[in-house]
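Heads up: the sequence shown begins at 75 in my numbering, then just goes up one per residue. Even for Gly, the Cβ is constructed at its ideal location relative to N, Cα and C. These figures come from a predicted structure and were not determined experimentally.
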Amino acid sequence: MEDILIEIQKLVLGVLNAQKLTTIAYGTVISVSPLQVQVDQKLTLKEEQLMLTRAVMDYEVEMSVNGGAKQIYKIHNGLIQGDKVTLIRNHGGRQYLIIDKEVV
């Protein structure tokens with residue numbers, strides 16, 4: 075009976091691993107244009123596989139300082155070559171969301 079349970083456990087674990095559930099990954103930006111991130115020796119993600127959050131993009135924000143007139147300021151958060159990034163792999167493993175970069 076115990077052998078059957080072990081075989082069932084192996085089968086279930088195999089199915090779960092094959093589904094590539096959501097997980098955290100870490101990588102290094104190796105190219106900005108086109109965007110490429112190397113996760114390990116065998117896996118390099120291309121631009122079409124990557125989604126970005128505002129935390130890793132340049133963007134503009136309208137704000138006032140000390141109650142003065144509103145002005146537009148540019149926030150420089152864009153990725154550069156060599157940045158270490160944290161990614162979330164979505165269910166299925168085809169898309170990755172870059173959620174942040176390591177601050178040095």
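Beta-carbon contacts of residue i that lie in its chain and below 6 Å, excluding the five residues immediately before and after
i	result
residue 103	111, 153, 155 and 157
residue 119	111 and 170
residue 127	173
Other residues of its chain near residue i: CB distance less than 7 Å, five sequence neighbours each side excluded
i	result
residue 129	151, 173 and 174
residue 96	162, 163, 164 and 165
For residue i: DSSP bridge partner residues
i	result
residue 174	160
residue 111	103 and 119
residue 124	170
residue 97	163
residue 146	136
Residue i burial status per 10 Å Cβ neighbour count (16 or more: buried)
i	result
residue 161	buried
residue 79	exposed
residue 141	exposed
residue 159	buried
CB contact check: residue i to chain C, cutoff 8 Å
i	result
residue 107	In the displayed structure, chain C is absent; only one protein chain is listed.
Own chain partners of residue i with C-beta closer than 8 Å, once the 5 adjacent residues on each side are dropped
i	result
residue 123	168, 169 and 170
residue 134	146, 147, 148 and 149
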